[in-house]
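Taken in sequence, the protein lines are chains X and P. Throughout the first sequence, residue numbering follows this note's numbering, covering 1 to 406 in sequence. Throughout the second sequence, residue numbering follows this note's numbering, covering 407 to 574 in sequence. Think of the CB as a built atom: it goes at the ideal place given N, C-alpha and C, for glycine as much as any other residue. The model shown is predicted, which means the values in this text are computed figures rather than measured ones.
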Amino acid sequence: MVESVRELIRAHANIEKEVYLDIENSSPVPEEIVNEMLPYFNKRAYGNPTLTHKLGWEAYETIILSAKKVGEHVGVESPEEINFTPGETEANNLAILGVCLSRRNDGKKIVVSEIEPLNVVNVCKMLENYGFKVEKVPVDRDGFIKIERLKEKVDKNTVFASFSLVNNEIGTVQPIKEVFKTVKDINTNTIFHVDLSDAYGRIPFDVKKVPVELATISSYKILGPRGIGALYVKEGLKIERILEGQIGTQKLWPGVENTPAIVGFAKASELAFKNFENNINHMKKLRDRLIDGIINNIDETLLNGPAGDKRSPDNINISFLKCEGESLTIELSLKGVYVSSGSACTRRVLQPSHVLTAIGRRFEEAHGSILMKVTRYHSMDDIEYVLKVLPEAVNRLRKIYGSMGE
Amino acid sequence: MSRSPLPYNPKILELFRNPKNLGRMDDATVSAVAGNPSCGDMITFYLKIDDEKEVIEKASFESYGCAANIATSSILTEMVKGKRLEEAWQTSWKTVANEVGGLPTVKFHCGILAVGALRRAIRQYYRIKEKKPEWLPEEQTFEEKQALEEEKLAEMLSKRLGIFESEE
Ligand code: FES
């Protein structure tokens, strides 16, 4: 198997340019962030932050300052309210399971939307096995939550609500304030969790303006390292740990703190919010050029998710009809363009992305979907290169599709 | 809903990049489809058959599927070319999988679909000719059943999606 992979990699030897757009699934960490992290592996603060020696105290100081830096961009003042976890998957798990465990006697209903990421959807599924009822609110064709339907789904037994501010696949920016208010107007005791994984660093959010109890923040999606994420937990909220062990500075997550990753996360936050307006405008420009360049030049294409300001500045998700998505990711890879697909072929079961089907995409539309995300580090040259190689790739696969269905 | 690593072997990559016998065959004696566009995965198999000898003169395919599907379909067209229908019928999905150097487990069904399409085409041929050779089993073979299963599953799933329309 490993031999095969080596061959696959070798097949890329002659590509002229590389453009990595698969930020959804993992991301490169910019040099300046890596450099910031390096000393923390072996030069300073490598002690355990709960211990009584210099290296421990250094680590403690570093972690608290980093938590401040991560939290301040979403209006969190106290670093105590930022809980580092090994990633946003763990943060979402902690939020849902931690609250539902601690409130299991208050009610057994959870409300989410139909397009939440798998680290919400699958955790909810798990809770269904333990007697919880999960209500899924449908969305419209652009992925916006149907507020009227939300009203029907919340009642006095709803203990927990979880919604993403930005959908990870199609970039829909939810009217989160309205969603929050709708839930709380019906049941003030419902704990509200917002997943900011795809919003942080791109779409502003402030816990003082929308006073949610929990918020998940991602590191790698803002080009920080993997292996770290955070959950904001409002002071005083009752939430149980879902893992046990040696508890240190992170009251909700046992184990030794990953100080270098925490430092990288804080640095990534700082950079994402430095020149925020410029960065966002740059990403929007790239995004719109890529979307327009595809839709206007390649036949039978569909934009998934809304256009314009209701779409996250980094997200491009397009369906190419008569062109299977997994094949397209390979074809593009051989040309140095790295993307992912919501095709059924990329999954173990024969089901395409649940997000695409929830917005009413037919199977054959979801089958040829490609997800790309741009960052402030991408250039217009990168985008033009993608636009240059995409039509050839799509055409070749459409040749393989041939005349079927005619 | 999960993904697994897909270390496609060199043979699959090669066939994906340069598939053999690609495209609709205008003078085909018979053709058959497995899968359907509404489930995504679909392949069409075309056969030109020498009626007298019952030999496959040429075979071609079209695919709406992953690299494994394209590679197995492609290699199957080569494997059955020049073979008597009876021989071609014997080609199992496992032989095809071996021939492409092995398939990742999650991609078995793609090879199965290709063989399913071929067998459907052969059955179709005898149906048109109103013949019933002894070697042709009455009952559906594993590959044909699986193709049917996949189609049913897809139909069921896409019906569930129909709910979206009715809601508005
Ligand atoms: S054809 Fe869909 S997984 Fe192979």
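Since I believe residue j is in contact with residue i (beta carbons under 8 Å), could you give me their beta-carbon distance rounded to a whole number of angstroms?
{"i": "E169(X)", "j": "K136(X)", "result": "Wrong, their Cβ atoms sit about 16 Å apart, outside the cutoff."}
{"i": "K310(X)", "j": "V173(X)", "result": "5 Å"}
{"i": "I23(X)", "j": "K221(X)", "result": "6 Å"}
{"i": "I280(X)", "j": "L303(X)", "result": "In fact, because the Cβ distance is near 20 Å, the residues do not count as touching under 8 Å."}
{"i": "L519(P)", "j": "E555(P)", "result": "Not confirmed; about 10 Å, so no contact."}
{"i": "H354(X)", "j": "V2(X)", "result": "No, H354(X) and V2(X) are not in contact; Cβ-Cβ is about 32 Å, not under 8 Å."}
{"i": "I186(X)", "j": "V212(X)", "result": "About 16 Å; that fails the 8 Å criterion."}
{"i": "G229(X)", "j": "S218(X)", "result": "5 Å"}
Just verifying my parser: in three-state terms, what is the DSSP assignment at residue i?
{"i": "L271(X)", "result": "helix"}
{"i": "T301(X)", "result": "strand"}
{"i": "V349(X)", "result": "coil"}
{"i": "E574(P)", "result": "Since pLDDT at E574(P) reaches only 44, below the 50 mark, its modelled position is unreliable, and no value is offered."}
{"i": "R430(P)", "result": "coil"}
{"i": "G368(X)", "result": "coil"}
{"i": "Y401(X)", "result": "helix"}
{"i": "S327(X)", "result": "helix"}
{"i": "L286(X)", "result": "helix"}
{"i": "I316(X)", "result": "strand"}
{"i": "D140(X)", "result": "coil"}
{"i": "L214(X)", "result": "strand"}
{"i": "F548(P)", "result": "helix"}
{"i": "Y20(X)", "result": "strand"}
{"i": "R490(P)", "result": "strand"}
{"i": "R226(X)", "result": "coil"}
{"i": "K435(X)", "result": "No answer is possible for residue 435(X): the residues shown for chain X start at 1 and end at 406."}
{"i": "Y338(X)", "result": "strand"}
{"i": "V256(X)", "result": "coil"}
{"i": "E392(X)", "result": "helix"}
{"i": "L563(P)", "result": "helix"}
From what residue to what residue does the alpha helix (DSSP H) around residue i run?
{"i": "M37(X)", "result": "E31 to M37"}
{"i": "V635(P)", "result": "Look at the range of chain P in this structure, 407 to 574, and you will see that residue 635(P) is not part of it."}
{"i": "L453(P)", "result": "Where L453(P) is concerned, there is no enclosing alpha helix (DSSP H), although the beta strand (DSSP E) it sits in stretches over M448 to D456."}
{"i": "T89(X)", "result": "E88 to S102"}
{"i": "D185(X)", "result": "I176 to I186"}
{"i": "K151(X)", "result": "I147 to K153"}
{"i": "A59(X)", "result": "K54 to G71"}
{"i": "K417(P)", "result": "P416 to R423"}
{"i": "N25(X)", "result": "Looking at the DSSP string, N25(X) is not in any alpha helix (DSSP H), and its letter there is neither H nor E."}
{"i": "T483(P)", "result": "A473 to V486"}
{"i": "H471(X)", "result": "The first residue shown for chain X is 1 and the last is 406, placing residue 471(X) beyond what the model contains."}
{"i": "S379(X)", "result": "Note, S379(X): premise wrong, no alpha helix (DSSP H); not H, not E."}
{"i": "R10(X)", "result": "V2 to R10"}
{"i": "W499(P)", "result": "W499 to E505"}
{"i": "L127(X)", "result": "L118 to E128"}
Going by CA-CA distance only, name the one from the options that's closest to residue i.
{"i": "E492(P)", "options": "Y532(P), E556(P) and W499(P)", "result": "Y532(P)"}
{"i": "G488(P)", "options": "N504(P), D457(P) and K500(P)", "result": "D457(P)"}
{"i": "K43(X)", "options": "L51(X), E32(X), I33(X) and E58(X)", "result": "E58(X)"}
{"i": "L563(P)", "options": "I370(X), Q351(X), A272(X) and S218(X)", "result": "Q351(X)"}
{"i": "E128(X)", "options": "I145(X), I110(X) and L371(X)", "result": "I110(X)"}
{"i": "N427(P)", "options": "K464(P), C516(P) and K459(P)", "result": "K464(P)"}
{"i": "H12(X)", "options": "V355(X), K238(X), S369(X) and E331(X)", "result": "E331(X)"}
{"i": "K209(X)", "options": "L118(X), G236(X), K177(X) and G47(X)", "result": "K177(X)"}
{"i": "K238(X)", "options": "D292(X), D288(X) and V159(X)", "result": "V159(X)"}
{"i": "E550(P)", "options": "T501(P), P510(P), L482(P) and G441(P)", "result": "G441(P)"}
{"i": "F163(X)", "options": "L118(X), F132(X), A393(X) and G201(X)", "result": "L118(X)"}
{"i": "I242(X)", "options": "N93(X), T89(X), K234(X) and I82(X)", "result": "N93(X)"}
Tell whether a beta-carbon distance below 7 Å holds between residue i and residue j.
{"i": "F41(X)", "j": "P254(X)", "result": "no"}
{"i": "T435(P)", "j": "I449(P)", "result": "no"}
{"i": "A199(X)", "j": "L231(X)", "result": "no"}
{"i": "S343(X)", "j": "L397(X)", "result": "no"}
{"i": "G325(X)", "j": "A272(X)", "result": "no"}
{"i": "L524(P)", "j": "F451(P)", "result": "yes"}
{"i": "N4(X)", "j": "N415(P)", "result": "A small correction: the amino acid at residue 4(X) is Ser; Asn does not occupy that position in the sequence shown. Cβ distance < 7 Å, so S4(X) and N415(P) count as in contact."}
{"i": "K417(P)", "j": "V506(P)", "result": "yes"}
{"i": "A474(P)", "j": "K500(P)", "result": "no"}
Would you give the residue range spanned by the beta strand (DSSP E) that residue i belongs to?
{"i": "K109(X)", "result": "K109 to S113"}
{"i": "F160(X)", "result": "T158 to S164"}
{"i": "V439(P)", "result": "V436 to G441"}
{"i": "S466(P)", "result": "V461 to Y470"}
{"i": "A230(X)", "result": "G229 to V233"}
{"i": "I82(X)", "result": "I82 to T85"}
{"i": "V194(X)", "result": "I191 to D195"}
Next on the checklist: Beta carbons nearer than 7 Å to chain A: which residues of the region 407-426 of chain P have them?
Outcome noted: Among the protein chains in the structure shown, which are X and P, there is no chain A.
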